[in-house]
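Residue numbers (my numbering): 9 to 285.
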């Protein structure tokens, strides 16, 4: 498990490209036959990816870093399959996940295992985990069951569909909020006009991009913006003080997850384009 420590906006102003990528960009999440995790001190997020190939893979705690006997001893987790069909077995109950289906698993579940339906064409499970104080039921949400909202327009190149899986009016959790945004063909911008939300941090995971596709992810304070070049199946840690927006070389999809003081999706501080620097 890789550890990332929290940063502040003052010191981030002085970071060069390499330092920005080291602190905020998560690469190499998917390795066949392995489970990969990054532990961020920003709201204690754990972000991970797993490709169960020939054998199932168990979700296990890094006892040294987590100080826990099992992964969900003090945590909850949201999992979205971004690959072919697979399943997650929770305490003996198997949940099949098609592409873009989501599974929430609450605190206290000891036995969690990832499986692929076809080892030659394995599933790709992306997940976010945050600390939890109460147990909520394990719930599967298919893509068609998620709460859907259409935003933006082709005129501003940000026509998109938001699917909310884990949220106040959907799957209940302690603090994790999780969903997915799909940009329609011909649209490249997400979350513009942008915003911050000082009560919550966020993690963005970009995928469904061609091999030569790029997203220029914008971060930093509104008056001191920075950018990171992001490729397919890479993630960005976004602290509460930072904007989080991006523009791609073509349309793409991203999974967003939030954690912090509240779970109100629209609790944000909007930033007008004229105020960005």
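Yeah, the Cβ is synthetic: ideal placement off N, Cα and C, and Gly gets one too.
Return the first residue and the last residue of the beta strand (DSSP E) that residue 235 is part of. Unbroken beta strand (DSSP E) run through residue 235: 232 to 238.
By the 10 Å Cβ neighbour count, where 16 or more other Cβ atoms means buried, how is residue 123 classified, buried or exposed? Buried, by the Cβ-count rule.
In terms of alpha-carbon separation, which member of 12, 54, 201 and 233 lies closest to residue 86? Closest in alpha carbon position to residue 86, among 12, 54, 201 and 233, is 54.
Verify the contact flag: residue 209, CB atom, against every heavy atom of the ligand SAH, threshold strictly below 7 Å. The model on display carries no ligand, and the ligand SAH is accordingly not part of it.
Would you mind working out which of 125, 199, 58 and 95 sits nearest residue 276, comparing C-alpha positions? When each option's Cα is compared against that of residue 276, the closest is 199.
Assuming residue 169 and residue 190 are in contact, meaning their beta carbons sit under 8 Å apart, how far apart are those beta carbons, in whole angstroms? Right, their Cβ atoms sit about 5 Å apart.
Do you know offhand how far residue 251's Cα is from residue 126's? Going by C-alpha positions, residue 251 is about 39 Å away from residue 126.
Exposed or buried, which one is residue 162 when buried takes at least 16 other CB atoms within 10 Å? By the beta-carbon neighbour count (other beta carbons within 10 angstroms, threshold 16), residue 162 is exposed.
The region 101 to 115 contacting the region 19 to 26, beta-carbon criterion three pairs below 8 Å: A contact between stretches requires three or more CB pairs, one per stretch, nearer than 8 Å, and the region 101 to 115 fails this requirement with the region 19 to 26.
In angstroms with no decimal places, state the Cα-to-Cα distance between residue 102 and residue 148. Take the alpha-carbon of residue 102 and the one of residue 148: they are about 11 Å apart.
Below-8 Å beta-carbon distance, residue 67 vs any chain D residue: Of the protein chains in this structure there is only one, and it is not chain D.
Quick check on DSSP: helix, strand or coil for residue 164? Looking at residue 164 - three-state DSSP - the assignment turns out to be helix.
Specify the secondary structure class of residue 23 as computed by DSSP and reduced to three states. It is coil, neither helix nor strand.
Using the Cα positions of residue 129 and residue 139, report the straight-line distance between them to the nearest angstrom. Here the C-alpha atom of residue 129 lies approximately 33 Å from the C-alpha atom of residue 139.
Just tell me which of 14, 285, 104 and 278 has its CA closest to the CA of residue 204. Nearest of 14, 285, 104 and 278 to residue 204, Cα basis: 278.
Bounding residues of the beta strand (DSSP E) (the contiguous stretch that carries residue 158): Residues 155 to 159.
Answer yes or no: do residue 120 and residue 66 have a C-beta to C-beta separation smaller than 8 Å? Annotated as proximal: residue 120 and residue 66, with beta-carbon spacing under 8 Å.
Apart from the five residues just before and just after residue 188, which ones in its own chain have a Cβ nearer than 6 Å to its Cβ? Excluding sequence neighbours, residue 188 sits near 171 and 263.
Which whole runs of the beta strand (DSSP E) in the region 94 to 127 are 3 residues long or more, in chain order? Fully contained in the region 94 to 127 are the following beta strand (DSSP E) runs of length 3 or more, in chain order: 94 to 98, 101 to 105, 110 to 113 and 120 to 124.
As assigned by DSSP and simplified to three states, the class of residue 70: Residue 70 sits in coil when the DSSP states are folded into three classes, being neither helix nor strand.
With distances taken between CB atoms, is the gap from residue 44 to residue 37 smaller than 8 Å? Result yes, Cβ atoms of residue 44 and residue 37 sit closer than 8 Å.
Measure the beta-carbon distance from residue 107 to residue 90 and round it to whole angstroms, keeping in mind my assumption that it falls under 8 Å. About 7 Å separates the beta carbon of residue 107 from that of residue 90, a gap short enough to meet the 8 Å contact definition.
Run of the beta strand (DSSP E) containing residue 12, from where it starts to where it stops: Looking at the DSSP string, the run of the beta strand (DSSP E) that includes residue 12 is 10 to 12.
Residues that residue 278 bridges to, as DSSP identifies them: Note: residue 278 is bridge-paired with 203 in the DSSP secondary-structure output.
Straight-line Cα distance separating residue 35 from residue 75: Near 25 Å, if we compare the C-alpha coordinates of residue 35 and residue 75.
Buried versus exposed call for residue 51 [16 or more other C-beta atoms within 10 Å across all chains shown]: In summary, residue 51 is buried, with 16 or more beta-carbon neighbours lying within 10 Å of its beta-carbon over all protein chains present.
Compare the C-alpha of residue 175 against each of 131, 245, 265 and 260 and name the closest. Ranking 131, 245, 265 and 260 by Cα distance to residue 175 puts 265 first.
Between the Cα of residue 308 and those of 224, 257 and 232, spot the shortest distance and give me the residue it belongs to. Since the displayed the chain opens at 9 and closes at 285, residue 308 lies outside it and no answer follows.
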